[in-house]
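K.L.:
Quick one: the structure is below, and I'll ask about it shortly.
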Amino acid sequence: MASQRPGFPLLLALTLALPVSLAAQEVHQSPRYVIAPEGGSVNIACSSNSSLKGVFLIRDWPTADDAKVIHYSEGKVPTVDELFRMRVNFSGSQQNLTITVHHLQPTDTGIYTCQAVLDDIVSGSGTLVLVTDQLPQGAESHQKDRWRAFSLFVALAVGCFLAGLGLGVVCALRRTQIKKLCSRRNQSTAIVVYEDMSCSRHNTLSVPNHYH
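The sequence shown maps to residues 8 to 219 in the working numbering.
See below:
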């Protein structure tokens, strides 16, 4: 039997350990994107299987430089950027952290990325947050009223069109019936006149001639 190469067990051990080592460096982030109204809130979850020294949440778009929104480290007071102060809550452990941003504004739209502080900084996949404008009070009911008025107008227009179409059909049928009736009357009058003329001619021929 051929002898094994001296470095084979070490190479095999490194090969088996490599995926685990890479997996330990992963940071899972969710959701991938979220659409929220102005004044609403969004939850961003950051988790890792390895022991962390801390977690950053950065905003890397649309700003040119990565803006640090928060830094969370267990046993220490979290740091929050001034733009998000009094609007951020934390829940869960450092390895499975959920960051909630409240009172969203349209200017909060951007891509937010979790960064886990290990021996090196490992980034998550990012979350696209899109903040939509909130309709002012009464705007929604106003839109509904306009839609109802438009629907009523369309219904009336369709009703008038159908009524006019039906009236036109009735008039056309009546006109056809009148033409047929007049045609029948004309034919009856012609037959009566022909019969009268035949009788008159017959009577004329039957009168005897007294001069012969």
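Every residue, glycine too, gets a C-beta built ideally from N, C-alpha and C.
1. Going by Cα to Cα distance, which pick from T86, A170, T120 and R182 is closest to D67?
2. Is the distance from the Cβ of V95 to the Cβ of V87 below 8 Å?
3. Alpha carbon to alpha carbon, how far is T70 from G82?
4. Can you look up S58 in the DSSP assignment and give me helix, strand or coil?
5. According to DSSP, is L23 part of a helix, a strand, or is it coil?
6. Looking at the strands, I want to know which residues DSSP matches up with H35.
7. Do the region 112-119 and the region 133-143 meet, that is, are 3 or more Cβ pairs less than 8 Å apart?
8. Rounded to a whole number of angstroms, what is the C-alpha to C-alpha distance between H110 and L159?
9. Quick check: what's the CA-CA separation for Q141 versus Y40?
10. Taking just the CA atoms, how far does K60 sit from L80?
P.N.:
According to the data block:
1. Stepping through the sequence shown from its first residue, residue 67 is reached at position 60. Among T86, A170, T120 and R182, the Cα nearest to that of D67 belongs to T120.
2. Position 88 of the sequence shown holds residue 95. Position 80 of the sequence shown holds residue 87. A contact, by the Cβ cut-off of 8 Å.
3. As a position in the sequence shown, residue 70 is number 63, starting the count at 1. As a position in the sequence shown, residue 82 is number 75, starting the count at 1. Roughly 30 Å separates the two Cα atoms.
4. Here residue 58 refers to the residue found at position 51 when the sequence shown is read from its first residue. Three-state result, S58: coil.
5. As a first step, residue 23 is located in the sequence shown; it is residue number 16 there, counting from the start. Because the pLDDT at L23 is just 44, under 50, the model does not fix this residue reliably, and the point stays unresolved.
6. Along the sequence shown, one-based indexing puts residue 35 at 28. Answer by DSSP bridge pairing, in chain order: S54.
7. yes
8. Mapped onto the sequence shown, residue 110 falls at position 103. Mapped onto the sequence shown, residue 159 falls at position 152. Those two C-alpha atoms are separated by around 39 Å.
9. As a position in the sequence shown, residue 141 is number 134, starting the count at 1. As a position in the sequence shown, residue 40 is number 33, starting the count at 1. Approximately 19 Å between the Cα atoms of the pair.
10. Taking the first residue of the sequence shown as position 1, residue 80 is located at position 73. Taking the first residue of the sequence shown as position 1, residue 60 is located at position 53. The sequence shown places Ser at residue 80, not Leu. Taking the straight line joining both Cα atoms gives about 7 Å.
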